[in-house]
Amino acid sequence: MTTNTGALADHSTPATRQWLSWLLVITLIYLLLAAVGAIGDGFKAAVGDNAKELFAFATNPFVGLMIGVAATALIQSSSTVTSIIVGMVAGGLPIPIAIPLIMGANIGTSLTSTIVSLGHVRNGVEFHRAFAAATVHDAFNITAVAILLPLELLFHPLAQMSEVLAGLLVSDSTSVDMKSLNFMKTLLTPASDLLNASVAWLPSQVWSGVALIVIGIGLILFVVQAIGKVLRRVMVGRAKEIMHTSVGRGPVSGIASGTIITILVQSSSTTTALIVPLAGTGVFSLKQVYPFTLGTNIGTCVTALLAATAISGPTAELAMQIALVHLLFNLFGIFLIYVLPFLRGVPPAIATHLADLAQRSKLYVGAYIGGVFFGLPLLLIGGSQL
149 MTTNTGALAD
159 HSTPATRQWL
169 SWLLVITLIY
179 LLLAAVGAIG
189 DGFKAAVGDN
199 AKELFAFATN
209 PFVGLMIGVA
219 ATALIQSSST
229 VTSIIVGMVA
239 GGLPIPIAIP
249 LIMGANIGTS
259 LTSTIVSLGH
269 VRNGVEFHRA
279 FAAATVHDAF
289 NITAVAILLP
299 LELLFHPLAQ
309 MSEVLAGLLV
319 SDSTSVDMKS
329 LNFMKTLLTP
339 ASDLLNASVA
349 WLPSQVWSGV
359 ALIVIGIGLI
369 LFVVQAIGKV
379 LRRVMVGRAK
389 EIMHTSVGRG
399 PVSGIASGTI
409 ITILVQSSST
419 TTALIVPLAG
429 TGVFSLKQVY
439 PFTLGTNIGT
449 CVTALLAATA
459 ISGPTAELAM
469 QIALVHLLFN
479 LFGIFLIYVL
489 PFLRGVPPAI
499 ATHLADLAQR
509 SKLYVGAYIG
519 GVFFGLPLLL
529 IGGSQL
């Protein structure tokens, strides 16, 4: 009897450990999302309304592009920035200026995944994989802008197509409450409130914001290292097969998965933050992550579309038009870059080269993040005012 009981216990132990490991993965993912949210809240608290005031400097398309990059990097949410742009268009911002702002927001949003990749910095091989997976998003968005912005300035395809579609779609009866759809914000509210309360004692909002940023980055570094160790235990056998079927089977399933998950969580930053640790630990290759990140670009457009449906009156069509520009820009980017064989390999090649540099010296990482997302945009914005 004792022998049978011992055998039963031994038999059940692996299953119990597996469930506990998955529970730990879920907990760590929750902490990762809370950390990403803390960085966003920290930037908002530290910068205040200054990030939004950047939009006032949008006097030409190139400055508008840089403002989109910097504002999104500061606010840490392309969904928020695109929703602001939708509202500004409804308030009179010209469409030709708003389009580069939207393009810039696409570039700025990929900062989050780059920060998440730093969680693998102690392991050279993992860091190379994670940094490449994070920056392939940047590389694709920058390549898309390099192709589509000149085309837009010369021939205006995005403005013209979005105008036609907006005229067909806008209806006085159309109205959707975005807040009721954002369940991720509700789930993360307890953690967000706790983190905000932990820095409330600091003397000013700016210091509280800086503290939140530091806490968020520190939490990301801890969580990514911890989740990497746990994922190596659980991502085997059937679990690994399921993940590869849903995300890594091929380009279409990858794009579809990225789109659906981003629509559900209403944040491309959140979605890419989840996939980077999986790439770092070797669960997914760069080739598999690449189409997934393209799907996040499509999924994040839903927030701006919902924001546009909340605007009524004579400016409703303009608001819908700029929201559609966001969607069309991402769709055209995929068709032009990913579908065409001679362009498909450009973003992964750029990402791999950046990862090589990052692995060689961490100074390249600081220069990349500081230069692309803050230094260059703010320098050009400041220069335009001289």
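Here the sequence shown stands for residues 149 to 534, numbered as in the numbering used here. The beta carbon of each residue, even a glycine, is placed where N, CA and C say it ideally should be.
Review point. Expressed to the nearest angstrom, what Euclidean distance is found between the alpha-carbon atoms of W349 and A221?
Key: In the sequence shown, the residue the question calls residue 349 occupies position 201. In the sequence shown, the residue the question calls residue 221 occupies position 73. Approximately 26 angstroms between the Cα atoms of the pair.
Under the rule that 16 or more other beta-carbon atoms within 10 Å means buried, what is H501, buried or exposed? Indexing the sequence shown from 1 puts residue 501 at position 353. H501 is exposed by the Cβ-count criterion.
Handout entry: Three-state class that DSSP yields for W349 in the structure shown
Key = Along the sequence shown, one-based indexing puts residue 349 at 201. It is coil, neither helix nor strand.
#### Entry: Cβ neighbour criterion (16 or more within 10 Å) applied to S509
As a working mapping, residue 509 is identified with position 361 in the sequence shown. With fewer than 16 neighbouring CB atoms inside 10 Å of its own CB, S509 falls in the exposed class.
* Would you kindly work out how many angstroms separate the C-alpha atoms of A238 and F279, rounded to a whole number? => Position 90 of the sequence shown, counted from the start, is the residue given in the question as residue 238. Position 131 of the sequence shown, counted from the start, is the residue given in the question as residue 279. The alpha-carbon atoms of A238 and F279 are separated by roughly 38 angstroms.
Q | For I529 and M326, the rounded distance between their alpha carbons | A | As a working mapping, residue 326 is identified with position 178 in the sequence shown. As a working mapping, residue 529 is identified with position 381 in the sequence shown. Because the pLDDT of M326 is 46, which lies under 50, any placement of that residue in the model is unreliable, and the number read from its coordinates should be weighed accordingly. Within the model, the alpha-carbon separation for M326 versus I529 is close to 32 angstroms.
Practice problem: Could you tell me the distance, in whole angstroms, from the CA atom of P462 to the CA atom of L302? | Solution: Locating residue 462 in the sequence shown gives position 314, where the first residue counts as 1. Locating residue 302 in the sequence shown gives position 154, where the first residue counts as 1. If you take the alpha carbons of P462 and L302, they lie about 28 angstroms apart.
Next on the checklist: Between G267 and V217, how many whole angstroms is the CB-CB distance? I'm expecting something under 8 angstroms.
Outcome noted: Looking up residue 267 in the sequence shown gives position 119. Looking up residue 217 in the sequence shown gives position 69. Not really, about 24 angstroms apart at Cβ, beyond 8 angstroms.
| Nonlocal neighbours in the same chain, by C-beta distance under 6 angstroms from A282, ignoring five residues either side | Residue mapping note: residue 282 aligns to position 134 of the sequence shown, counting from 1. Around A282: S261, T262, S265, V424.
**Item:** Cutoff 7 angstroms; reference I411; Cβ partners in own chain excluding five residues on either side
**Value:** Working through the sequence shown from its first residue, we reach residue 411 at position 263. Contacts found: G447, V450.
*By a C-beta neighbour count over all protein chains shown, 10 Å radius and 16 as the cutoff for buried, is G212 buried or exposed?*
On the sequence shown, position 64 is the one that residue 212 refers to. By the 10 Å Cβ count, G212 comes out buried.
Only counting the same chain, and skipping five residues up and downstream in sequence, which positions put a Cβ closer than 7 angstroms to that of L336?
Reading the sequence shown from its first residue, position 188 is the one you call residue 336. These residues qualify, in order along the chain: L181, A182, G185.
- request: In angstroms with no decimal places, state the Cα-to-Cα distance between I233 and P305.
  value: For this step, residue 233 is matched to residue 85 along the sequence shown. For this step, residue 305 is matched to residue 157 along the sequence shown. If you take the alpha carbons of I233 and P305, they lie about 19 angstroms apart.
Given a cut-off of 7 angstroms on the beta-carbon distance, is the pair H285 and S258 in contact?
Stepping through the sequence shown from its first residue, residue 285 is reached at position 137. Stepping through the sequence shown from its first residue, residue 258 is reached at position 110. Yes, Cβ-Cβ distance for H285 and S258 is below 7 angstroms.
Item to complete: Give the DSSP-derived three-state secondary structure of G493 in the structure shown.
Response: For this step, residue 493 is matched to residue 345 along the sequence shown. Three-state result, G493: coil.
task: Identify whether R270 lies in helix, strand or coil by the three-state DSSP scheme.
output: As a working note, residue 270 is residue 122 in the sequence shown. Of the three classes helix, strand and coil, the one that applies to R270 here is coil, per DSSP.
query: What residue range is occupied by the uninterrupted alpha helix (DSSP H) comprising P242?
result: As a working mapping, residue 242 is identified with position 94 in the sequence shown. Looking at the DSSP string, P242 is not in any alpha helix (DSSP H), and its letter there is neither H nor E.
Please tell me whether I290 and I247 are closer than 7 angstroms, where the distance is taken between their beta carbons.
Residue mapping note: residue 290 aligns to position 142 of the sequence shown, counting from 1. Residue mapping note: residue 247 aligns to position 99 of the sequence shown, counting from 1. No, these two residues do not count as a Cβ contact at 7 angstroms.
To the nearest angstrom, report how far apart G194 and I174 are at their CA atoms. Indexing the sequence shown from 1 puts residue 194 at position 46. Indexing the sequence shown from 1 puts residue 174 at position 26. A small fix is needed here, since residue 194 is Ala in this sequence, not Gly. Rounded to whole angstroms, A194 and I174 show a C-alpha spacing of 30 angstroms.
- Task: Tell me whether F432 sits in a helix, a strand or coil according to DSSP, three-state version.
- Result: Within the sequence shown, numbered from 1, the residue matching residue 432 stands at position 284. DSSP places F432 in the coil class of the three-state scheme, outside both helix and strand.
In terms of residues, what are the limits of the alpha helix (DSSP H) holding A464? As a first step, residue 464 is located in the sequence shown; it is residue number 316 there, counting from the start. For A464, the enclosing alpha helix (DSSP H) has its first and last residue at 464-481.
Exercise for the section: Return helix, strand or coil for V318, following the three-state DSSP convention. Expected result: In the sequence shown, residue 318 corresponds to position 170, counting from 1. Looking at V318 - three-state DSSP - the assignment turns out to be coil, as it is neither helix nor strand.
- Would you mind sorting G366 into buried or exposed? The rule is 16 or more other CB atoms within 10 Å of its CB. In the sequence shown, the residue the question calls residue 366 occupies position 218. Counting Cβ neighbours within 10 Å, G366 comes out exposed, since fewer than 16 surround it.
Would you call Q469 buried or exposed, if buried means 16 or more other Cβ atoms sit within 10 Å of its Cβ?
For the purposes of this step, residue 469 is identified with residue 321 of the sequence shown, where counting begins at 1. Sixteen is the threshold: when 16 or more other Cβ atoms of the shown chains lie within 10 Å of the Cβ of Q469, as they do, the residue is buried.
Original post:
How big is the Cα-Cα spacing for L241 and W170?
Top reply: Sequence index remark: in the sequence shown, residue 241 carries index 93 (1-based). Sequence index remark: in the sequence shown, residue 170 carries index 22 (1-based). Their Cα atoms are separated by approximately 48 angstroms.
Practice item. Could you work out which residue in T444, A374, P244 is closest to V395 when comparing CA atoms only? Key: Position 247 of the sequence shown holds residue 395. If we check each option's Cα against that of V395, T444 comes out closest.
Exercise. With a Cβ-Cβ cutoff of 7 angstroms, do V318 and E465 count as a contact?
Worked result: By 1-based counting over the sequence shown, the position of residue 318 is 170. By 1-based counting over the sequence shown, the position of residue 465 is 317. Going by C-beta atoms, V318 is nearer than 7 angstroms to E465.
Exercise. Say whether the stretch 491-506 touches the stretch 351-369, bearing in mind that this needs 3 or more beta-carbon pairs closer than 8 angstroms, one atom from each stretch.
Key: No, because fewer than three Cβ pairs between the stretch 491-506 and the stretch 351-369 fall closer than 8 angstroms, the two stretches do not touch.
Handout entry: Nearest neighbour of L168, chosen from G428, L491, V378, Y516 [CA to CA]
Key = As a working note, residue 168 is residue 20 in the sequence shown. Comparing Cα-Cα distances from L168 to each of G428, L491, V378, Y516, the minimum goes to V378.
| Contacting residues, own chain, Cβ-Cβ under 8 angstroms from G272 (five flanking each side not counted) | Locating residue 272 in the sequence shown gives position 124, counting from the first residue. These residues qualify, in order along the chain: Q507.
Once the 5 residues before and after L491 are set aside, which same chain residues still bring their CB inside 7 angstroms of it?
Along the sequence shown, one-based indexing puts residue 491 at 343. The beta carbon of L491 sits closer than 7 angstroms to the beta carbons of L484, I485 from its chain, once the five residues preceding and following it are set aside; these are given in chain order.
Check: I think P495 touches A287, with their Cβ atoms under 8 angstroms apart; what is that distance to the nearest whole Å?
Finding: To locate residue 495, count along the sequence shown from 1; it is residue 347. To locate residue 287, count along the sequence shown from 1; it is residue 139. Taking the Cβ atoms as the reference, P495 lies roughly 4 angstroms from A287, within the contact range of under 8 angstroms.
Check this for me: beta carbons of I187 and I295, under 7 angstroms apart or not?
Here residue 187 is taken as the residue at index 39 of the sequence shown, counted from 1. Here residue 295 is taken as the residue at index 147 of the sequence shown, counted from 1. The answer is no: Cβ separation not under 7 angstroms.
Worksheet entry | DSSP three-state assignment for H304, whether helix, strand or coil | By one-based count along the sequence shown, residue 304 stands at place 156. H304: coil per DSSP, three-state reduction.
Query raised in the report: Using the C-alpha atoms, what's the distance from S225 back to A404?
Result: By one-based count along the sequence shown, residue 404 stands at place 256. By one-based count along the sequence shown, residue 225 stands at place 77. If I take the Cα positions, the gap works out to 21 angstroms.
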